[in-house]
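Beneath this line is the structure, given in structure tokens, with notes to follow.
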Amino acid sequence: MMELAQEKLNIIYGYQKFREGQERLIYQILNKQSSLAIMPTGSGKSLCYQIPALILDGVTVVVTPLISLMKDQVDSLKHLGIEATYINSTLTSTEEKERLHGLKRQFYKLVYVAPERLAQAKFIDITKRLNISLVAIDEAHCLSQWGHDFRPSYRKIPDWIQQLKEKPTILALTATATNKVKNDLMSHLYLDDDQLVSTGYARSNLTLTVLKNVERVSYVLKYLKANRHSSGILYSTTRKDVEMLYHQLKKEGLSVTYYHGGLSEAERQMNQEKFLFDEASIMIATNAFGMGINKSNVRFIIHYQLPRTIEAYYQEAGRAGRDGEESECILLFSPQDIRTQQYLIEQSNQDPDRQAQEYENLQKMIGYCHTDACLSEYILRYFGESSSKPCGKCYNCKTQGQLIDRTKEAQIILSTIKRLRERYGKTMIAQVVVGSSNQKVKQWNLDDVSTYGLLNSWSLKETTSFIDYLIAEQFLKPTNSSYPVLELTNKALYVLKGQQKIEQRIRENIESVSEDDDIF
Ligand code: ADP
Ligand code: ZN
């Protein structure tokens, strides 16, 4: 059967060879072995279910969260001469009836649906009796509540599968899953370790950069002007900032368009196409933009603010360089972004477990901005790849900066936390060591602590930023709550005993603080 798969690849798709992971997955699927595929964005996950769909008897159901992209995906399959369709809420009732009828008659090889559809009585009734050979679950991390984009509707997928006449083969696909998410997916889908195909997370053509406290508007302006002829995406957390940036950059004569959830469907479609067809070289957007977008020549992704999780960041950054060419991913970090994200988590009204997880994820993201080590390694480690080596090209690998001994300062902070019995958060600890006369410090007699004011040569901002560094380097661990309390790790005890030195690499850009920061 693999010869048949090879033939489809050559003749229908016009590609020479399978890429890493594709061949093994297709082999497993053709042998009715359900699988979980973890492969980076742009690696060719779609072919892993499309080719088996053509070979297997019966129909392949593709579950995907994005209604707006179903049409494009189906159109491109039809273009290749493949019988495919989608059934979603954008159809008229006549269209829906026709397609359901076609489905019943096994007319299609592939049918795309959103997860909500699987709970609909009419759909269940038809599919219950059908010969469904394969169920492909796109963006499978949405199934796990530990993932960065949990969608409760995804939980309907296993229920629906249970009701089918014969158990189909399942192929779950994602570009981002931590070990915890991976295990969760495997248990929801009843998969074993040998059913997992992971090609790793490394994207060697991406150069990662974190810049702290730069004056963002002028940095972005300078960067975009210098890269005027390339295509790129500028991500921002809020709709308001997206619009502000759009107007500001447009005024400067740059070729920009924008996208966020507050625009009408028609506007979103129009702006998205402007970007896809290179009529506008820069897309300014919230995270509503990009899932499933297949634009190969994106040369840079700039994050104007801190994203909430490493998974979200890597997925967004990963939209650069799908063609394999060198591309840049730049994150502009400022401490006030942390408050914004904490606020969004607080407002999100989720159950406490889920919220605690979100705080932990956010802390890992903050750690990315503060680590001294290779940025690429940090991300790969987050996803559970421990064997990676420094990439040699990210900002941290490239800029040496100056190594400064911070053991004394670290000891002051760590011992303050110990003396206060690990009961306070970052801001309060910082206030104690810089000797703040804040009312609460007085009221709670925190100025009685012997380390009070020992770091009075540092600003509050420098101090909290250094505490973030100590968290990133795992000397401290914040508890997962909206007011995280700092706890010492084992590593911290060695520092307190004077058995371990702390040397921080200070890079030029860190000193060039120029944005106002009134949060702390
Ligand atoms: P993903 O879903 O993993 O992000 P896609 O399935 O959209 O990636 O594939 C990314 C691009 O790679 C598509 O343009 C696809 O046609 C192309 N592609 C997939 N497999 C191959 C292959 N074996 N050889 C060449 N190009 C491929
Ligand atoms: Zn590196």
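With full-length UniProt numbering applied, the sequence shown covers 1 to 520. From the three backbone atoms N, C-alpha and C, an ideal C-beta is built for every residue, glycine too.
Member of the options whose CA lies at the smallest distance from the CA of residue i
i	options	result
C20	P40, E267, S334, K8	A quick correction: the sequence has Glu, not Cys, at residue 20. Checked all of P40, E267, S334, K8; the closest Cα to E20 is P40.
M244	L380, L221, I126	L221
F277	N297, G318, Y343, I132	N297
E116	I87, G102, R105, E462	I87
S348	V59, E3, S482	S482
K295	K251, S230, H260, D241	S230
E98	C329, V434, I126, G81	I126
I137	L476, V113, L130	V113
L164	G14, V135, I82	V135
F475	T174, V449, T371	T371
K128	E139, R155, K167, Y154	K167
A226	Y201, G253, T237, G200	G253
A251	V217, K274, Q272	This sequence places Lys at residue 251; Ala is not what is there. K251 has its Cα closest to that of V217, out of V217, K274, Q272.
K461	N183, Y452, V434, V441	V434
Y359	R308, I124, G318, Q248	R308
E139	T257, S46, G200, L380	S46
T238	Y314, Q341, Q272	Q341
A317	R419, Q269, T207, L496	T207
T286	N445, L263, L420	L263
S327	T209, T489, I82	T209
I157	L80, T64, Y424, F275	T64
Q363	K477, E422, A410	K477
G200	Q162, V441, T176, Q402	T176
L4	L54, G42, K418	L54
Own chain partners of residue i with C-beta closer than 7 Å, once the 5 adjacent residues on each side are dropped
i	result
L66	M291, G292
G384	T178, N179
E7	none
T479	V485, E487
T464	P335, K426, T427, A430, F520
residue 522	Look at the range of the chain in this structure, 1 to 520, and you will see that residue 522 is not part of it.
R268	Y259
T174	I38, E139, A140, H141
residue 526	In this structure the chain extends from 1 to 520, so residue 526 is not present and cannot be described.
Residues near residue i in its chain [Cβ-Cβ closer than 6 Å; skip 5 each side]
i	result
K501	T407
V181	H141, S144, W146, G147
residue 524	Residue 524 is absent from the model: the chain starts at 1 and stops at 520.
D518	Caution is warranted here: a pLDDT of 33 is assigned to D518, below 50, making its placement in the model unreliable, and no coordinate value can be reported.
I404	Q504, I506
L77	A84
R24	V197
N131	G58
S388	E377, L380
Same chain only: Cβ atoms within 8 Å of residue i, ignoring 5 sequence neighbours per side
i	result
I366	L306, I338, D468, I471, A472
N438	Q431
K122	L100
G232	L224, S281, I282, M283, V298, R299, F300, I301, I302, A320
E325	N205, N297, R299
Q33	T169, Q195
D192	M186
A119	S153, K156, D159, W160
Local Cβ density within 10 Å of residue i, reported as buried at 16 or more and exposed below that
i	result
R228	exposed
I413	buried
F107	exposed
A312	buried
A266	exposed
E377	buried
T90	exposed
N456	exposed
R354	exposed
E515	Interpretation of E515 is limited by its pLDDT of 41, a score under 50 that renders its predicted location unreliable; the figure taken from the coordinates is listed afterwards. Classification for E515: exposed.
T399	exposed
Y343	exposed
N31	exposed
S93	exposed
R203	buried
M1	exposed
R105	exposed
P52	buried
Q50	buried
M270	exposed
I11	exposed
ask   = Along the chain, which unbroken stretches of the alpha helix (DSSP H) at least 4 residues long are found entirely within the stretch 9-37?
value = 22-30
request  = Any chance you could list the alpha helix (DSSP H) runs of at least 4 consecutive residues sitting entirely within the UniProt domain "Helicase C-terminal" (216-363), in chain order?
outcome  = 216-226, 239-251, 265-276, 310-317, 336-347
ask   = Of all the alpha helix (DSSP H) runs that stay within the bounds of the stretch 376-404, which reach a length of 4 or more residues?
value = 395-398
ask   = Which whole runs of the beta strand (DSSP E) in the stretch 143-214 are 3 residues long or more, in chain order?
value = 169-174, 196-198, 206-212
request  = Any chance you could list the alpha helix (DSSP H) runs of at least 4 consecutive residues sitting entirely within the stretch 92-152, in chain order?
outcome  = Within the stretch 92-152, the complete alpha helix (DSSP H) segments of 4 residues or longer fall at 93-104, 121-128, listed in chain order.
message = So within the stretch 441-494, which uninterrupted alpha helix (DSSP H) runs reach at least 4 residues, ignoring any that extend past its ends?
response = 460-472
request  = Report the residue ranges of all beta strand (DSSP E) runs contained in full by the stretch 35-80; include only those spanning at least 3 residues, in chain order.
outcome  = Within the stretch 35-80, the complete beta strand (DSSP E) runs of at least 3 residues fall at 35-38, 59-63.
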